[in-house]
Amino acid sequence: MIELAKTYDPHQVEDAIYKVWEEKGYFHAEPNPLKKPYSIVIPPPNITGILHMGHALNNTIQDILIRFKRMQGFETEWMPGTDHAGIATQNVVERKLAKDGIKRQEIGRDKFVEEVWKWREEYGSTIIRQLKKLGCSCDWQRIRFTMDEGLSDAVLEVFVRLYKKGLIYRGNYIINWCPRCQTALSDEESQHKDVDGMLYYIKYPIKAGERKKAKGSAGKTTEEDHVVIATTRPETMLGDVAVAVNPKDKRYKGLKGKSLILPILNRELRVIFDSLVDMKFGTGALKVTPAHDPVDFELGLKYGLEQINVMNDDATINARGEDYEGMDRFEAREAILEDLKERGLFIKAEPHRHAVGHCYRCHTMVEPRLCPQWFVKMKPLAKPAIDVVRKGRIKFYPARWTKVYLDWMENIRDWCISRQIWWGHRIPVYYCKKCYKNSGALDGRGPAINGKEGIIVSKTRPQTCPTCGSAEIEQDPDVLDTWFSSWLWPFSTFGWPKETPELKYFYPTDSLVTAQEIIFFWVARMIMAGLEFRGDIPFKSVYIHGTVRDITGTKMSKSLGNIIDPLEMISKYGTDALRFSIISITAQGQDVFLSESKFELGRNFANKIWNASRFILANLKPEDVGVDLCAFFKKTELTLPERWILSRFYSTLAYVGRCLDEFKFNEAANSIYEFVWHEFCDWYIEIAKSTISEKTSQIILYKVLEKTLHMLHPFMPFITEEIWQKLPRSVDAAGESIMVQPWPHVQKEMISREAERQMTLLTHIVTAVRNMRAFWSIEPKVRIEAMVNVQEGPDEKILRDNSGFIKQMARLADFKVGRYAKPRNAAVAVVGSAEIYMPLEGLIDFQKERARLEKEVLRLENEMKGLTSRLADKSFLSKAPEDVVRKQRERKDELQMQLEKVRENLKEICV
RNA sequence: GGGCAGUUAGCGCAGUUGGUUAGCGCACCACGUUGACAUCGUGGGGGUCAGAGGUUCGAGUCCUCUACUGCCCACCA
898 MIELAKTYDP HQVEDAIYKV WEEKGYFHAE PNPLKKPYSI VIPPPNITGI LHMGHALNNT
958 IQDILIRFKR MQGFETEWMP GTDHAGIATQ NVVERKLAKD GIKRQEIGRD KFVEEVWKWR
1018 EEYGSTIIRQ LKKLGCSCDW QRIRFTMDEG LSDAVLEVFV RLYKKGLIYR GNYIINWCPR
1078 CQTALSDEES QHKDVDGMLY YIKYPIKAGE RKKAKGSAGK TTEEDHVVIA TTRPETMLGD
1138 VAVAVNPKDK RYKGLKGKSL ILPILNRELR VIFDSLVDMK FGTGALKVTP AHDPVDFELG
1198 LKYGLEQINV MNDDATINAR GEDYEGMDRF EAREAILEDL KERGLFIKAE PHRHAVGHCY
1258 RCHTMVEPRL CPQWFVKMKP LAKPAIDVVR KGRIKFYPAR WTKVYLDWME NIRDWCISRQ
1318 IWWGHRIPVY YCKKCYKNSG ALDGRGPAIN GKEGIIVSKT RPQTCPTCGS AEIEQDPDVL
1378 DTWFSSWLWP FSTFGWPKET PELKYFYPTD SLVTAQEIIF FWVARMIMAG LEFRGDIPFK
1438 SVYIHGTVRD ITGTKMSKSL GNIIDPLEMI SKYGTDALRF SIISITAQGQ DVFLSESKFE
1498 LGRNFANKIW NASRFILANL KPEDVGVDLC AFFKKTELTL PERWILSRFY STLAYVGRCL
1558 DEFKFNEAAN SIYEFVWHEF CDWYIEIAKS TISEKTSQII LYKVLEKTLH MLHPFMPFIT
1618 EEIWQKLPRS VDAAGESIMV QPWPHVQKEM ISREAERQMT LLTHIVTAVR NMRAFWSIEP
1678 KVRIEAMVNV QEGPDEKILR DNSGFIKQMA RLADFKVGRY AKPRNAAVAV VGSAEIYMPL
1738 EGLIDFQKER ARLEKEVLRL ENEMKGLTSR LADKSFLSKA PEDVVRKQRE RKDELQMQLE
1798 KVRENLKEIC V
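Plus 897 on top of the position in the first sequence (first one is 1) and you've got our numbering.
Pasting the structure below:
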């Protein structure tokens, strides 16, 4: 007899179990020619992050996969790590320093970066500890950080290779600028959000000497001395150099050859005619600001317009804005509008809702701005990455993401990779001052755009300029986008560019598990990088899980305060409960709406397992159970419930395996739940109570429990380990862990549809008796008897053989099987071809019983109607598959019989 | 503007390739026994599967349209 504690306390065991796992090295994998590899890489959380529910879901899924595959005998490598999150981390450390009144500019670059490293030492592994708390079986010996020496080397290597290949260039284009972080952002880092703004209508006067002609040729409808433009951002007019209209727009025909005067600054503006201009928007006249708008920029290039940048890095107006210099962009907007009103040039403002880019880190409104930056040419990289997905070498689950991926890839734009911050991989570009000064510097930030003079791209710092020999060399001050290191993750973590044994063995990895937000940032880029630098796909399948939202459907975020903290849930309900709950409520790829009460599901389930185990172990005779299951069954006659529970177990096991292969984690979890609770506990254990000391029951209870623990382990690693450790087992398995036990083999010969069908008959009979008892309010302690009237045949034999179980489960004094006539004063129920009588001397209220039976008749008749018409339908009979027709016929016969019997009983009552 | 999801019991959701009587959890009602479990057991009530049309012998499931909700993408200033 083995005793388990009365209640399961996750907190007492989880940390200790995890420690043992880690110490014994179960998480670690090495290239092993005897085994097949299975590897996944963690989507590296950033070092400023703390574990949120999205992480919990994401990592639970990965851990389930890894534990499943590990038990299946694969050499499983789950590569963990963190990314340095350039902008986010720099912001955090800046804020920390600001508390002590320190600005990063004051202490300088080197000192600041030192501070960030210090911060990272102290706080950067919070999320790692939390992942351990979640039970993640990552290979911590291989943990990587995007700023590690090896990964940094990979980053430089990639930059140099791409540059040499002509896929990296320096260009002066409109980029997304975050005035708060004071850096450029990629298109993906600028998130569009709808903003309620205003559309302002402003008069731009026609140059004085040219007005009359304009009037003459434009007809009555044209304003005689000005053009009205519409803009949402009046402050950018300080950088206007032209006004554009559509050549087809009749309203502006008369503007040909004319100039306009920019209000306030009195700059002379060209009028250009271009079909890019939408005639339907605003007034059809577009003010052109090449340095502050992508469309205007295009026009500027096309017509050779001057690019006037009117803002500083912090989005205040610069000297080009004359009187507005020093004002913030929004202040300037108001001031300019005021001035325009004074001059009578302001017409109206109407509400206008439009999408505006926001910084994905600090949510500040992004300023489109002309600025020299480094870019990666993406089209050549995208092409092969499109092919591998088209050809199905990489598959998305659910498949709909394939289209999202392909759409984006086919319209991919160049990637702005330089960031004007200090924390990150510094761009391996060096400028020879002597050479580039000759070619004309720009913005003091480097040499001429698109030229190569004075640019040295090298992994290491050159001593002298290879062209002129000058030692006056300085490195580009910018760092690279964090994703420029993350996109190499699947191979840089295995040692690339070195051809390490790990890289050869584990690459390509198998599955990538991630959230939809990150498809463009990360997934797509990893595919491109994998193909470009390693010549092979980085992973075979991509599983995109849903977003975790709160109960109202909003995404959980710290700023909204609607967070359900996974660590808090772990401390309240236990890790296994958290894991099981979140998995079982998350359908494939579907967003999940979370509320705290959902974690009760997992907690209750853990409790159920604990108690079932406690019962089994308390009654266990260890000397009886150490047998080979297959051998034992071959020579032992099993009862129906025994054959049934084994059949159900193996069916469930097979189904769970299939679900995990198809990323249907919720279905796997729910089928285990259903099996454990409603089949094993509710029926089999209850039935086995009467024979618990017999060897067969001992073996079945023990084996089903043990194998169920195996099957459940990937989902609930701690409780299964804790119970498994308590099981008696042979010496060779002693001290081992359930996590390295083999995944149970599906014994197909144990799966019996027939046993399952027969058992259903028994459970239906028991349920019918219980139902009658409840209906007639017969207290459980009152032992009464019942009998079943059944025709001679297979069903009779089943009932006869198992009458003991029925008696036991329905709490009957006696249960007789045979041919019986209905006794007087008996309640009756019909199940299939059998009729159950329950004599209730003196208890029967005929009216009540009649009502009950009438209701039953109604139900049966209703179903009968449908069946009858279907079976009378010639088309159905000719077109439906045979087995469907046969089944329906059988069902009809059965119904017919039931109906007759119930009607007969009804008649008798009426007498 | 384009795309993708979702709409099934009071609430939150499942529902494989179309095929018997549409399920689960929570909540609800009634009753609770001998030692696994009140984080429980037994029984019960509750749904014209968003709406309309179509395909089919047969539709929650496939097609079209509509409505509402949510998400993603997008250079109409």
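C-beta: ideal position from N, C-alpha, C; glycine also.
Proximal residues to residue i (C-beta, below 8 Å), its chain only, five neighbours per side dropped
i	result
Leu1517	Met898, Ile899, Gln1595, Leu1598, Tyr1599 and Pro1625
Lys921	Ser1634
Tyr1302	Val1286, Phe1293, Ile1416, Val1420 and Ala1421
Asp1146	Val1174, Met1176 and Gly1181
Ile1569	Thr1549, Val1553, Thr1605, Met1608, Leu1609 and Phe1612
Leu1764	Gln1785, Arg1788, Lys1789 and Leu1792
Closest residue to residue i among the options (Cα-Cα distance)
i	options	result
Lys1395	Gly1427, Ala1051 and Trp1014	Ala1051
Ile1024	His952, Ala1484, Lys1771 and Thr1390	His952
Asp1711	Ala1683, Gly1443, Lys932 and Leu931	Ala1683
Glu1559	Met950, Phe924 and Phe965	Phe965
Pro1538	Ser1568, Lys1532, Ile1582 and Gly1523	Ile1582
Lys1678	Gln1705, Glu1054, Tyr1570 and Arg1697	Gln1705
Gly1523	Ser1548, Phe1546, Glu1618 and Lys1592	Lys1592
Gln1038	Trp1014, Gly1047, Ala995 and Pro977	Pro977
Glu1646	Leu1526, Arg1697, Asn1563 and Met1656	Leu1526
Thr957	Val1185, Pro1463 and Leu1267	Pro1463
Lys1155	Lys1300, Met1134, Val1124 and Ile1480	Val1124
Ile1126	Val1185, Glu1239 and Pro942	Val1185
Pro1519	Pro1248, Glu1805, Ile1482 and Ser1590	Ser1590
Ile1309	Ser1481, Val1439, Leu1278 and Gly1366	Leu1278
Glu1746	Glu1011, Ile1806, Ala1769 and Arg1697	Ile1806
Phe1042	Lys1061, Lys1029, Lys903 and Ser1022	Ser1022
Gln873	Ile1314, Met1423 and Thr1261	Residue 873 cannot be examined here, being either before or after the span of the chain that is shown, 898 to 1808.
Tyr1066	Trp1014, Pro1778, Lys1000 and Pro1269	Pro1269
Arg1130	Phe1743, Gly1063, Leu1059 and Ile1233	Ile1233
Asp1311	Gln1317, Leu1242, Pro1720 and Trp1271	Trp1271
Close-in-space but distant-in-sequence residues of the same chain around residue i (CB under 6 Å, 5 per side omitted)
i	result
Ala1426	Trp1384 and Leu1385
Ile1169	Ala1139, Ala1141 and Tyr1200
Glu1173	A small fix is needed here, since residue 1173 is Leu in this sequence, not Glu. Taken in chain order, the list of residues that qualify is empty.
Glu1465	none
Arg1511	Leu901
Val1092	Val1253
Glu1054	Pro1394
Gln987	Ile1318 and Trp1320
Whole-angstrom C-beta distance between residue j and residue i, which should lie under 8 Å
i	j	result
Leu1709	Val1754	Contact flag wrong, Cβ pair sits at about 26 Å.
Val1728	His1661	5 Å
Gly1254	Asn1073	6 Å
Leu1157	Leu1166	4 Å
Ser1730	Gln1688	6 Å
Gly1443	Tyr1470	Actually they are not in contact, since the Cβ atoms of Gly1443 and Tyr1470 sit about 21 Å apart, beyond 8 Å.
Same chain only: Cβ atoms within 7 Å of residue i, ignoring 5 sequence neighbours per side
i	result
Phe1615	Pro907, Val910, Glu911, Ile914, Gly1032, Thr1472 and Asp1473
Pro1191	Ile1071 and Pro1265
Residue i and residue j closer than 7 Å at C-beta
i	j	result
Tyr905	Trp1507	yes
Thr979	Ile937	no
Pro1281	Leu1096	no
Leu1740	Val1799	no
Phe971	Tyr923	no
Pro928	Pro1435	no
Ile1467	Leu1475	yes
Arg1258	Ile984	yes
Arg1316	Val1263	no
Query - Runs of alpha helix (DSSP H) wholly within the region 1288–1314 (minimum 4 residues, chain order) - result: The qualifying runs are 1297–1307.
Write down every uninterrupted run of the beta strand (DSSP E) in the region 1566–1635 whose length is 3 residues or greater and which is fully enclosed by it, in chain order.
Runs of the beta strand (DSSP E) spanning 3 or more residues and lying entirely within the region 1566–1635 do not occur at all.
### Task
Taking only runs that begin and end inside the region 1043–1130, name each unbroken beta strand (DSSP E) of 3 or more residues, in chain order.
Fully enclosed beta strand (DSSP E) runs of 3 or longer: 1065–1075, 1080–1082, 1087–1102 and 1123–1128.
| query | Considering only residues of the region 1203–1283, which uninterrupted beta strand (DSSP E) runs meet the minimum length of 3 residues and lie entirely inside it, listed in chain order? | reply | Taking 3 residues as the minimum length, the beta strand (DSSP E) runs contained wholly in the region 1203–1283 are 1243–1256 and 1264–1273, in order along the chain.
Those runs of the alpha helix (DSSP H) which lie wholly inside the region 1421–1485 and span at least 4 residues: As far as the region 1421–1485 is concerned, its whole alpha helix (DSSP H) runs of at least 4 residues are 1421–1426, 1463–1470 and 1472–1481.
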